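Structure record follows, encoded as structure tokens.
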Amino acid sequence: MHILLANDDGVHSPGLKMLYEGLEGLGDLSVVAPDRDHSGASNSLTLSRPLTVESHPQGFLSVDGTPTDCVHLAVNGLFDHGFDRVVSGINTHANLGDDVIYSGTVAAATEGRFLGMPAIAVSLVNTGNFHYETAAKAVRQLLEKEASLALGPRCLLNVNVPDVPWEDIQGFQVTRLGHRVRGESAVPMTCPRGKTRYWIGAAGEGDDAGPGTDFHAVQHGYVSVTPIQVDMTRHEALDALRNWLEVEH
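Its first residue numbered 34, the sequence shown is counted upward by one per residue in the working numbering.
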């Protein structure tokens, strides 16, 4: 098995290093990650300039672009072989509920799935204990399963892991995405030149976060595994929309 590892926190992220170490022995590992933190980059590709690739210890490669750039380049130019899977992470914070819309971690996995490979995005629901090794072990267990998993086209797994020692993990739960309340307001600040600048406010807490959601699973000590599809069509609304368009005004 040849596995491509990527992330959005950058090539020097401790989560990426722990993921690499935790998956050693499963197969050939290749790492292509951004040269700096690109959290919140979502599925953006860099189209306005060429990209630079640099080599680092252990054979890691960095790209001065987005997480999606990294996976795209790895599959379409940097290597003379293909990949069997893409794993993105270990993200330094949760990617629960609506976070997946903005997440560069999920975006890297999504690009892998677009390019035909099974993909996993993994995040640590960080509470300051930094148990990246727990998240790495959870991913390894998923990859070591012998039975094949058919989820349909363009579907990937979004995995969130509680920030606890492995022995405190209660198990795995299959979940759906929950939802957050509206995020906090932007935070203004004044730069040294007297101009007003703004920090994007913190994400809201879980709102739709009951049993069956990813929020609920990690809160109760379980590894949350959510299948995500890229088709954003709201199929239940198609008939209502057709009827509305056919109404004579």
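Note that the Cβ used here is the ideal one computed from N, Cα and C, for glycine as well. Predicted, not measured: the structure shown is a model, and the values here were computed from it.
- Contiguous beta strand (DSSP E) elements confined to the segment 60-97 occur at 61-67, 86-88 and 94-96, taking only those with 3 or more residues.
- Distance from residue 44 to residue 89 at the Cβ level is roughly 6 Å; contact confirmed, criterion being Cβ atoms closer than 8 Å.
- Collapsing the DSSP output to three states places residue 198 in coil.
- Here the C-alpha atom of residue 55 lies approximately 28 Å from the C-alpha atom of residue 263.
- When Cβ pairs closer than 8 Å are counted between the two stretches, the segment 127-138 is seen to touch the segment 179-193, the count reaching three or more.
- For residue 174, DSSP assigns no beta-bridge partner whatsoever.
- Sixteen is the threshold: when 16 or more other Cβ atoms of the shown chains lie within 10 Å of the Cβ of residue 40, as they do, the residue is buried.
- Around the beta-carbon of residue 114, fewer than 16 other beta-carbon atoms lie within 10 Å, marking it exposed.
- Judged by DSSP secondary structure, residue 153 falls within the beta strand (DSSP E) whose first and last residues are 152-158.
- In the three-state reduction of the DSSP assignment, residue 203 falls in the coil class, being assigned neither a helical nor a strand state.
- Measuring C-alpha to C-alpha distances from residue 50 to each of 74, 93 and 78 identifies 93 as the nearest.
- Cα atoms of residue 277 and residue 268: separation of roughly 15 Å, rounded to the nearest angstrom.
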